[in-house]
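Structure, as structure tokens:
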Amino acid sequence: MDSLSLSGICRHQFSPITMLNFNQSNHRMEKAGFVRKPEKGGLTITQVASPLRRPVIVPSLDNETVDRRDRNHVAWTSVRQERWEGELVVQGEIPLWLEGTYLRNGPGLWHIEDYNFRHLFDGYATLVKLQFENGRLIAGHRQIESEAYKAARKNKKVCFREFSEVPKYENFMAYVGDIANLFSGASLTDNANTGVVKLGDGRVVCLTETQKGSLVIDPNSLETLGRLEYSDSLGGLIHSAHPIVTDAEFLTLLPDLVNPGYLVVRMEPGTNERKVIGRVNCRNGPAPGWVHSFPVTEHYVVVPEMPLRYCAQNLLRAEPTPLYKFEWHPESKAFLHVMCKASGKIVASVEVPLFVTFHFINAYEEEDEDGRVTAIIADCCEHNADTTILDQLRLQNLRSFNGKDDLLPDARVGRFTIPLDGSPYGKLESALEPDEHGRGMDMCSINPTKLGKKYRYAYACGAQRPCHFPNTLTKLDLLKKKAKNWHEAGAVPSEPFFVARPGATEEDDGVVISLISEKNGNGYALLLDGSTFEEIARAKLPYGLPYGLHGCWVPKE
Ligand SMILES: CC(=O)/C=C/C=C(C)/C=C/C1=C(C)CCCC1(C)C
Ligand SMILES: CC(/C=C/C=O)=C\C=C\C=O
Ligand SMILES: [Fe+2]
């Protein structure tokens, strides 16, 4: 690994004002029990004894690392250093049964040299860990060493095609070369900044929408170990960013951009080979709908065909459109296809009202009194068929919140009913009154034992208006159609992640973990009781971290 210095990246930003904040924050770190050992020209790792009698690894801060808190919310500010690890002081009590590591991935570095990225999804991946051990909490973060990130650091510019950023071409021939590389996938990013999953065989993989961006990491050191090379010959360049992962299997969708459709594939633990379960042909439109995620039931895979479709032309553009690599085709309609997991056969394909979603929450089979499956219910974080949410996630918009204007488009829990009796149409309704969660709705989790089964509770980010971005944590009771909300002024919480208590019989018996980025530049790990949704513990981080997307739980062996 090359030098961990971020100095090259940040030099241009250094000013007496940022210097002042930087020193103040270090003073605060020392007061909070963190020890700093500055060394010029890189992040040297220093072992020190913590007040909690546990060695704490604290990389010294680079003199030229920049603190931009004076201008932006820390949630939308590049991570201030390459890596850090240390024990946190816990307020409240961490349940002793909570033994394992919560990992969270997300785009955490949004600039290279003096070039600032446009979109939340462009950032180079920052992996965060919260390691729970006997009531104590060790935290850490580290940049994922993707080829895209390493090349950007080395060449001091964007070198691969990110979500909205593309390399700046020196001349026309360079552009032509890059387009050629687009078809082979060579110019696509492997910046695995969307999520992290633990496979049944124990490997921990960070993911994005490009297949090449499947990177295996070490959940303790957060080191990037290498690429997960799929050994099959299924080809294609992209996949769903959210595979369904259990101890028994890894299921995902591979969109086919040439003959619009999707392959539904399955990979067994201990292998790198995805096998085809079946194929869904698109019912309409010039290209498949974007499949950021998809739901499953116990016996079926639901393949969404959203009218927000991949767009080859937009893929080739140097400057992004408001829909980036996608295009809205309301005339092409929206469909949900249901495939039997065992046979690969399509058992239903229904037209549904137009919808826009990033995240499906869960799905399950509805049975009649004789135990026959009559319908499938699939829930998602639905943006009222309004695509503007995608452009609202531009950093400029997120950073421009002044506490007054309300720019977050309304969202809801969209509940689809897919009849299995051959009817051509499915239904889409709100599962509960969206005002219950402030008409903001995204970044969801459920009790994993309820995956594919009838369930009652979901956890997500909601809104307390006005806002530009979801700013609450919400527990949804889908039976009583009620929500319990957690909010702290100015805070940006990340996806509430539910961890069940071992041996629990109640669906909401467990804790909810979230990382909070505060308005004053600080940040903390938060633990809520999964049932009461009351705070049970929090632990301050030495400095606030950028917003992150999705997480997973790695239980202690
Ligand atoms: C962070 C997140 O949720 C989404 C990230 C999406 C990415 C990085 C999408 C990348 C793509 C390309 C670089 C080209 C092909 C299309 C597409 C999958 C959108
Ligand atoms: C953060 C987000 C949407 C928020 C809208 O309310 C979407 C993230 C998508 C990728 O994981
Ligand atoms: Fe996602």
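In this text, residue positions in the sequence shown follow our numbering: the first is 1359, and each later residue adds one. C-beta atoms are modelled at their ideal positions from N, C-alpha and C, and glycine is treated no differently.
- Around the beta carbon of K1898, a 10 Å sphere encloses 16 or more other beta carbons of the protein chains shown; the residue is thus reported as buried.
- At a threshold of 8 Å, G1647 does not count as near ligand 3, since its beta carbon sits no closer than that to any of the ligand's heavy atoms.
- Judged by DSSP in its simplified three-state form, S1542 adopts helix.
- Under the criterion of beta carbons closer than 8 Å, H1477 and G1553 do not qualify as touching, at roughly 17 Å.
- Taking C-beta separations shorter than 7 Å and ignoring five residues to either side along the sequence, the partners of P1782 in its chain run V1708, E1709, following chain order.
- Uninterrupted alpha helix (DSSP H) stretches at least 4 residues long and entirely within the region 1563-1618 do not occur.
- Going by C-alpha positions, Q1822 is about 45 Å away from S1542.
- CA-to-CA, the gap between M1531 and L1756 works out to about 36 Å.
- Spanning the alpha carbons of E1846 and S1589 requires a straight line of approximately 47 Å.
- Annotation for D1835: the continuous beta strand (DSSP E) segment containing it runs 1830-1835.
- For ligand 1, no non-hydrogen atom lies closer than 8 Å to the CB of R1561.
- Residue I1734 holds the alpha-carbon nearest to the alpha-carbon of D1726 among I1734, R1797, N1720.
- Between the C-alpha atoms of T1547 and E1505 there is a straight-line separation of about 8 Å.
- Setting aside the 5 residues that flank it on each side, P1653 is surrounded in the same chain by V1660, F1718, N1720, A1721, A1736, each with a C-beta closer than 7 Å to its C-beta; the list follows chain order.
- With a cutoff of 8 Å, M1664 does not count as near ligand 2, since its C-beta is closer than that to no heavy atom of the ligand.
- The region 1775-1794 and the region 1691-1708 touch, with three or more beta-carbon pairs separated by less than 8 Å.
- In the structure shown, R1519 adopts extended strand secondary structure according to DSSP, grouped into three states.
- The three-state secondary structure of W1468, taken from DSSP, is coil.
- Between D1728 and D1779, the alpha-carbon positions lie close to 15 Å from each other.
- When the beta-carbon positions are compared, T1484 and G1906 come within less than 9 Å of each other.
- Taking all protein chains in view, the Cβ of G1593 is surrounded by fewer than 16 other Cβ atoms within 10 Å, so the residue is classified as exposed.
- Judged by DSSP in its simplified three-state form, T1746 adopts helix.
- In this structure, ligand 2 has a non-hydrogen atom nearer than 8 Å to the beta-carbon of A1769.
- Sixteen is the threshold: when 16 or more other Cβ atoms of the shown chains lie within 10 Å of the Cβ of G1466, as they do, the residue is buried.
- The Cβ-Cβ distance between P1854 and M1801 falls below 9 Å.
- For E1505, the enclosing alpha helix (DSSP H) begins and ends at 1505-1513.
- With a cut-off of 8 Å, the C-beta of A1849 is classified as distant from ligand 2, since no heavy atom of the ligand falls inside that distance.
- Within a 10 Å sphere around the beta-carbon of P1680 sit fewer than 16 other beta-carbons, which makes this residue exposed.
- Our two residues, P1904 and A1895, have alpha carbons roughly 21 Å apart in a direct line.
- Relative to ligand 1, even the nearest heavy atom lies 8 Å or more away from the CB of G1594.
- Of the residues G1848, R1814, H1908, the one whose Cα lies closest to the Cα of E1864 is R1814.
- At a threshold of 8 Å, Y1482 does not count as near ligand 1, since its beta carbon sits no closer than that to any of the ligand's heavy atoms.
- At least one heavy atom of ligand 3 is found less than 8 Å from the C-beta of G1553.
- The beta carbon of A1670 lies closer than 8 Å to those of L1615, A1645 in the same chain, with the five residues before and after it left out.
- Under the 10 Å beta carbon count, L1454 is surrounded by fewer than 16 other beta carbons and is classified as exposed.
- The C-beta separation of E1794 from K1840 comes to about 6 Å, placing the pair in contact by the 8 Å criterion.
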